[in-house]
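Inspection log for the structure reproduced underneath, given as structure tokens.
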Amino acid sequence: MKNQACKPPKKGHRLFNPLTDQTIVTITVGQGNEAKDFLVAREHLISASDYFANAFNGIFREAADKKISLADVESKTFGIFIQWLQGRTLLDGNGKEYDAVKDKAMDPDSGKKIIELLNMYVFGDEYDVPQFRRDVIDTFIDYQEKYPSLPGCDTISQAYERLPASSPMLQFLVDSWAFSPIGEGITNSGHETLPRRFLVDTMLRLLITGNGSMENINPYMQRCDYHEHNKIKKEE
1 MKNQACKPPK KGHRLFNPLT DQTIVTITVG QGNEAKDFLV AREHLISASD YFANAFNGIF
61 REAADKKISL ADVESKTFGI FIQWLQGRTL LDGNGKEYDA VKDKAMDPDS GKKIIELLNM
121 YVFGDEYDVP QFRRDVIDTF IDYQEKYPSL PGCDTISQAY ERLPASSPML QFLVDSWAFS
181 PIGEGITNSG HETLPRRFLV DTMLRLLITG NGSMENINPY MQRCDYHEHN KIKKEE
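When we follow full-length UniProt numbering, the leftmost residue of the sequence shown carries the number 1, and every step to the right adds one.
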């Protein structure tokens, strides 16, 4: 698919307009001693996510109590999401801008940011935050381009375990491996721990594109292919 000028999703960045509803809701993330409460403007949450809109605008208990628990979410991931929600800019867990070039120069072998970004993308998928997913995958692509040996087998396995088969993130992982020299040796030993579906998808991608033609579908130049354009979100 040819690159195109992407339109923002219907649920995009929150507006800069002053709040018209002063309601504050409590989001509890994590479990047990690791649980942490976040106080968030309801209007901001529902402007970015249909999941939270349904939870806090419906007839469910969460709407009446103005509370919801996300036991499977880490506080670090949710904290990054709240920073993004309020500031409309994606910052890392230390509150700094993501900079793949700088990180590559300082720590050429580190894949920590890749894992952090994947966790954020999974959160955006599970809780239906389309603009957050888009901002995260664009940053993920920046890091993947600078760290061609990443993500590792464990990260790819985690992506396949936690994301639906139709996820643009999975498609990018396949395309980036097929585009790289690593993909040509996908059947070699050392890749046994990769998900079978990933191996099959990558080999099919290589067969479909043929020798040398991957340069025409460089995944780093076709980022819009990995954005969702107001398609109806299907359940797995």
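Backbone N, C-alpha and C define an ideal beta-carbon position, used for all residues, glycine too. Treat the numbers as computed from the prediction; the structure is a model and nothing was measured.
When the Cα atoms are used, what is the spatial distance from residue i to residue j?
i, j, result
"Gln31", "Ala71", "5 Å"
"Ser49", "Ala55", "10 Å"
"Ser189", "Leu199", "Only weak support exists for where Ser189 lies, its pLDDT of 48 falling under 50; the value from the coordinates is given anyway. When rounded, the distance between both Cα atoms is 12 Å."
"His229", "Ala105", "34 Å"
"Leu91", "Tyr98", "6 Å"
"Lys113", "Asp225", "22 Å"
"Glu192", "Leu207", "20 Å"
"Thr28", "Glu116", "20 Å"
"Pro164", "Gly152", "19 Å"
"Val174", "Ser166", "12 Å"
"residue 238", "Ser157", "Absent from the model: residue 238. The displayed extent of the chain is 1 to 236, so no value can be given."
"Ser180", "Tyr51", "36 Å"
"Leu204", "Gly111", "27 Å"
"Pro148", "Ser176", "9 Å"
"Gly12", "Asp128", "11 Å"
"Asp142", "Thr209", "23 Å"
"Val136", "Pro168", "12 Å"
"Phe38", "Gly79", "8 Å"
"His227", "Ala64", "35 Å"
"Glu161", "Asn57", "31 Å"
Starting from the Cα of residue i, find the closest Cα among the options and give me that residue.
i, options, result
"Asn119", "Gly87, Gly12, Ser75 and Lys96", "Ser75"
"Tyr121", "Phe140, Asp103, Leu206 and Ser47", "Phe140"
"Glu34", "Ser69, Pro148 and Asp142", "Ser69"
"Gln171", "Gly124, Thr28, Gln222 and Phe78", "Gln222"
"Phe81", "Val40, Glu62 and Gly111", "Val40"
"Gln22", "Leu45, Lys11, Glu62 and Met169", "Leu45"
"Asp154", "Pro195, Val136, Gly93 and Ala178", "Pro195"
"Ala178", "Glu161, Thr202 and Pro168", "Thr202"
"Ala159", "Arg197, Asp138, Lys67 and Asp135", "Arg197"
Just to confirm the assignment, what range does the alpha helix (DSSP H) spanning residue i have?
i, result
"Ala55", "Asp50 to Asn57"
"Pro168", "Pro168 to Phe179"
"Gln222", "From DSSP, Gln222 is part of no alpha helix (DSSP H); its letter is neither H nor E."
"Leu204", "Arg196 to Thr209"
"Thr155", "Cys153 to Arg162"
Considering residue i, what are the terminal residues of the beta strand (DSSP E) in which it resides?
i, result
"Phe38", "Lys36 to Ala41"
"Thr28", "Ile24 to Val29"
Compute the beta-carbon to beta-carbon distance between residue i and residue j, rounded to the nearest angstrom, for a pair I have assumed lies under 8 Å.
i, j, result
"Ile24", "Arg42", "7 Å"
"residue 237", "Arg133", "The question about residue 237 has no answer here: the residues shown for the chain are numbered 1 through 236."
"Phe123", "Thr77", "5 Å"
"Pro130", "Pro219", "Incorrect: roughly 20 Å between the Cβ atoms, too far for contact."
Quick one: does the C-beta of residue i sit closer than 8 Å to a heavy atom of the ligand NAD?
i, result
"Lys11", "No copy of the ligand NAD occurs in the structure displayed, which carries no ligand at all."
Taking CB distances under 9 Å as the criterion, tell me whether residue i reaches chain D.
i, result
"Gln22", "Included in the structure is just one protein chain, with no chain D present."
As an exercise, report each continuous alpha helix (DSSP H) stretch of at least 4 residues that is fully enclosed by the segment 48-135, in chain order.
50-57, 61-65, 75-87, 100-106 and 112-126
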